[in-house]
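Engineer:
Numbering (my numbering), first residue to last: -2 to 219.
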């Protein structure tokens, strides 16, 4: 079990979460500062090479992509869960896990950054609201992949600067709002319960000396 945990520590994983923003959140930059400080803390705690990704802060919701070790991503989910259990939390509401991808060959982003969006980039027709959750998630992932593969991003330009000149690469806020209402998406608490249950199964299997451990799947793959 220890050897597998050490192996997973150095693998690259990607987490994408969405959440609504409370109406009483006066300064949305506070959310960016919160994650800047949390990322630095986790990087020191787990001694990982780097935490990369992008936090987009919309007027009414957020979209957060994080790339790092499994330990860091689980800690970020735990932080979201803890915030939801605090009565004085005014940063996020009703977070949902959009995606967890494992064992990735490369990163989408070269560093972590955040951007506060003051206008809605695009709007969609009412028929889009009736699309399946899978279709909406695929739409989000398609736009993020285009952003991550933008030539300027590859050159380590901050995504925020790229988005200023290419608003079509901003995921429409409406899509995120619709996804927040979909019950198929797990909350951080539900996801962590699934994660720890699968981990317990793996530990139990190793204790029984089963040579082929069960494949763990924690959600949608990217």
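Built from N, CA and C at the ideal position, the CB exists for glycine as well.
So the beta strand (DSSP E) residue 78 belongs to, where does it begin and stop?
Structural biologist: No beta strand (DSSP E) holds residue 78; the alpha helix (DSSP H) holding it covers 67 to 82.
Engineer: Can you give me the start and stop residues for the beta strand (DSSP E) that residue 49 sits inside?
Structural biologist: 49 to 54 is the span of the beta strand (DSSP E), which, as asked, contains residue 49.
Engineer: Use the C-beta contact count for residue 171: other C-beta atoms within 10 angstroms, 16 or more gives buried, fewer gives exposed.
Structural biologist: The residue in question, residue 171, is buried, as its Cβ has 16 or more Cβ neighbours within 10 Å.
Engineer: Can you find the residues in the same chain that come closer than 6 Å, C-beta to C-beta, to residue 99, ignoring five residues on each side of it along the sequence?
Structural biologist: Closer than 6 Å at the Cβ level, and outside the excluded window around residue 99, lie 10.
Engineer: If I follow the unbroken beta strand (DSSP E) through residue 147, where does it start and stop?
Structural biologist: Premise fails: residue 147 is in no beta strand (DSSP E) and is neither H nor E.
Engineer: Judging by CA-CA distance, which residue of 141, 168 and 16 is the nearest neighbour of residue 178?
Structural biologist: Comparing Cα positions, the closest option is 16.
Engineer: Can you check which of these residues, 75, 62 and 37, is closest to residue 184 by C-alpha distance?
Structural biologist: For residue 184, the nearest C-alpha among the options comes from 75.
Engineer: Does the Cβ of residue 112 have 16 or more other Cβ atoms within 10 Å, making it buried, or fewer, making it exposed?
Structural biologist: Residue 112 is buried by the Cβ-count criterion.
Engineer: Going by DSSP, what residue range makes up the alpha helix (DSSP H) through residue 30?
Structural biologist: Note, residue 30: alpha helix (DSSP H), 26 to 43.
Engineer: What does DSSP give as the partner residues of residue 86 in its beta bridges?
Structural biologist: Residue 86 pairs with nothing; no bridge assigned.
Engineer: Is the beta carbon of residue 67 less than 9 Å from the beta carbon of residue 8?
Structural biologist: Contact: yes.
Engineer: Using CA atoms only, rank isn't needed, just tell me which of 69, 89 and 80 is closest to residue 23.
Structural biologist: When only C-alpha atoms are compared, the closest one is 89.
Engineer: Checking 9 Å against the spacing of the C-beta atoms, do residue 159 and residue 149 come in under that value?
Structural biologist: Closer than 9 Å, so yes.
Engineer: Output yes or no for whether 9 Å exceeds the beta carbon distance between residue 144 and residue 156.
Structural biologist: Yes, they are a contact pair.
Engineer: Based on DSSP bridge pairs, tell me the residues matched to residue 64.
Structural biologist: Answer by DSSP bridge pairing, in chain order: 11 and 49.
Engineer: Got a sec, what are the start and stop residues for the alpha helix (DSSP H) residue 172 sits in?
Structural biologist: Counting along the chain, the alpha helix (DSSP H) containing residue 172 begins and ends at 170 to 177.
Engineer: Given a threshold of 16 other Cβ atoms within 10 Å of its Cβ, counted over all protein chains shown, does residue 50 qualify as buried or as exposed?
Structural biologist: By the 10 Å Cβ count, residue 50 comes out buried.
Engineer: Could you check if residue 56 is buried or exposed, using at least 16 other CB atoms within 10 Å of its CB as the buried criterion?
Structural biologist: The residue in question, residue 56, is exposed, as its Cβ has fewer than 16 Cβ neighbours within 10 Å.
Engineer: Along the chain, where does the alpha helix (DSSP H) that runs through residue 158 open and close?
Structural biologist: Counting along the chain, the alpha helix (DSSP H) containing residue 158 begins and ends at 156 to 162.
Engineer: Please report the residue range of the beta strand (DSSP E) in which residue 110 lies.
Structural biologist: Counting along the chain, the beta strand (DSSP E) containing residue 110 begins and ends at 109 to 113.
Engineer: Please report how far the alpha carbon of residue 19 lies from the alpha carbon of residue 87, in whole angstroms.
Structural biologist: Their Cα atoms are separated by approximately 6 Å.
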